[in-house]
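Residue numbers (UniProt numbering): 1 to 388.
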């Protein structure tokens, strides 16, 4: 008899479900998961039937298991190891909503220079202009995936900063995302809800990711984090279109043992007039052998991921226009302000932030009091993120 692995059977189940042979596919799915982890027809500690199990993973209720929904199955396909014990300890999931408003082309520099019509005729922009919605509006993640945000030690003080992942010294120039593991794999999965080609190893500084413990209670941790990423929008690998948001800023409220998540949110800040940098090449010349590099900067109103409710075994909340985040009301024993936490993360990315900077009005007031000169720097974008 030929031996067939459980993973092969599960992949077969997904194929059957997506080819609309739902009953056969779901039955096989239940059998495989039950065989591997859940004896006595129990899944995540609860007795469920095939339809309930399928509905659990079919987040958007379209009768199919798509790529984003498949991620929720991944923790149950991997055999527990010493390294993954913490990551799979929880039996809970978190429903994530994806908010996305396309880039406003009228904020581009070319629009201010009355060159927008000429720019929009560039066929290289087709990928950008056609990116009008995210890959998925909602999905769910296993709480174990979010434990990758936790520091190596829980015995740390509020204000402690740690690296989420280390940027490569010379990231390869690729048109498609490379294979990733650990927290980088989790971040790629999250960003893939916006577009199918996210890159964490960005081409230019600032690069990497840092987190800080903003607050803690006897059982919970409030983590503020920031990382940088970009998207390659073109299918043409010879002419990539790089879309680089200013930064991704987030917050995670999680049990210290990684068993439960109260709140998760990550967003591209929209409080500045410009928050996206873009670079692409276009064919020029009669024979099309010459290339011209174009650099642009613009603004997008929304690019964010947010949880609606705390994690649970079977998340029930559904994303929609009327849905809103629930901010946890927790009595912290130790904490620093959100502003202070953000400043500490800035210093982790930028050595020049060790010197305090002021806006022009405050600088003039302080200069008059201290009888000092004012050294002013005028930039098109912000110096402390990727929108410059």
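Each residue gets a CB set at the ideal place from its N, CA and C atoms; glycine is no exception.
Indicate the three-state DSSP secondary structure (helix, strand or coil) for residue 279 in the structure shown.
strand
Which residues does DSSP list as the beta-bridge partners of residue 245?
276
Burial state of residue 415, where buried means 16 or more other Cβ atoms lie within 10 Å
Outside the displayed range of the chain (1 to 388) lies residue 415, so it cannot be described from this structure.
Rounding to the nearest angstrom, what Cα-Cα distance links residue 318 and residue 194 in this structure?
18 Å
Quick test of your reading: residue 146 and residue 254, contact by CB under 8 Å. State the CB separation rounded to the nearest angstrom.
6 Å
Would you mind reading off the limits of the beta strand (DSSP E) that contains residue 142?
138 to 142
Rounded C-beta distance between residue 159 and residue 213? I'm assuming under 8 Å.
7 Å
Close-in-space but distant-in-sequence residues of the same chain around residue 261 (CB under 8 Å, 5 per side omitted):
92, 94, 143, 146, 252, 253, 254, 255, 307, 310, 311
Using alpha carbons as the reference points, say which of 267, 349, 273 lies closest to residue 166.
349
In the DSSP assignment, find the unbroken beta strand (DSSP E) run with residue 304 in it and report its ends.
302 to 307
Measure the C-alpha to C-alpha separation of residue 300 and residue 362 and round it to an integer number of angstroms.
28 Å
Under the three-state DSSP convention, the category residue 353 falls into
helix
Using a threshold of 9 Å, state whether the C-beta atoms of residue 247 and residue 197 are closer than that.
no
For residue 338, count neighbouring C-beta atoms within 10 Å of its own C-beta (all shown protein chains included) and say buried if the count is 16 or more, exposed if not.
exposed
At which residue ranges does the stretch 139 to 207 contain complete beta strand (DSSP E) runs of 3 or more residues, listed in the order of the chain?
161 to 165
Which residue from 217, 190, 377 puts its Cα closest to that of residue 140?
190
Per DSSP, what are the beta-bridge partners of residue 216 in this structure?
221, 334
Residues bridged to residue 316 by DSSP?
Paired residues: none, contrary to the question.
Quickly, what does DSSP pair residue 339 with across the bridge? List them, please.
Residue 339 pairs with nothing; no bridge assigned.
Excluding the five sequence neighbours on either side, which residues of its own chain have a C-beta within less than 6 Å of the C-beta of residue 374, listed in chain order?
363, 367
Cβ contact check for the stretch 327 to 344 and the stretch 212 to 230: 3 or more pairs under 8 Å:
yes
Quick one: what's got a C-beta closer than 8 Å to residue 273's C-beta in the same chain, skipping five residues either side?
107, 299
What does DSSP give as the partner residue(s) for residue 93 in the beta ladder?
142, 312
Would you kindly check if the distance between the Cβ of residue 208 and the Cβ of residue 179 is under 9 Å?
no
By DSSP, does residue 297 sit in helix, in strand, or in coil?
strand
If you measure between the beta carbons of residue 177 and residue 263, is that distance less than 9 Å?
no
Under the three-state reduction of DSSP, which class applies to residue 252: helix, strand or coil?
strand
Tell me which residue opens and which closes the alpha helix (DSSP H) that residue 266 is part of.
Unbroken run through residue 266 is the beta strand (DSSP E), 261 to 267; no alpha helix (DSSP H).
For residue 135, the first and last residue of its enclosing beta strand (DSSP E):
Residue 135 -> no beta strand (DSSP E), and no H or E assigned at all.
Straight-line CA distance for residue 223 to residue 291?
44 Å
Give the secondary structure of residue 232 by DSSP, where H, G and I count as helix, E and B as strand, and everything else as coil.
strand
With H, G and I counted as helix, E and B as strand and the rest as coil, what does DSSP make of residue 374?
coil
Identify every residue that forms a DSSP beta bridge with residue 367.
Looking at the DSSP assignment, residue 367 forms no beta bridge with any residue, so it has no partner.
Could you tell me which of 315, 331, 265 sits nearest to residue 220, measuring between CA atoms?
331
Does the Cβ of residue 275 have 16 or more other Cβ atoms within 10 Å, making it buried, or fewer, making it exposed?
buried
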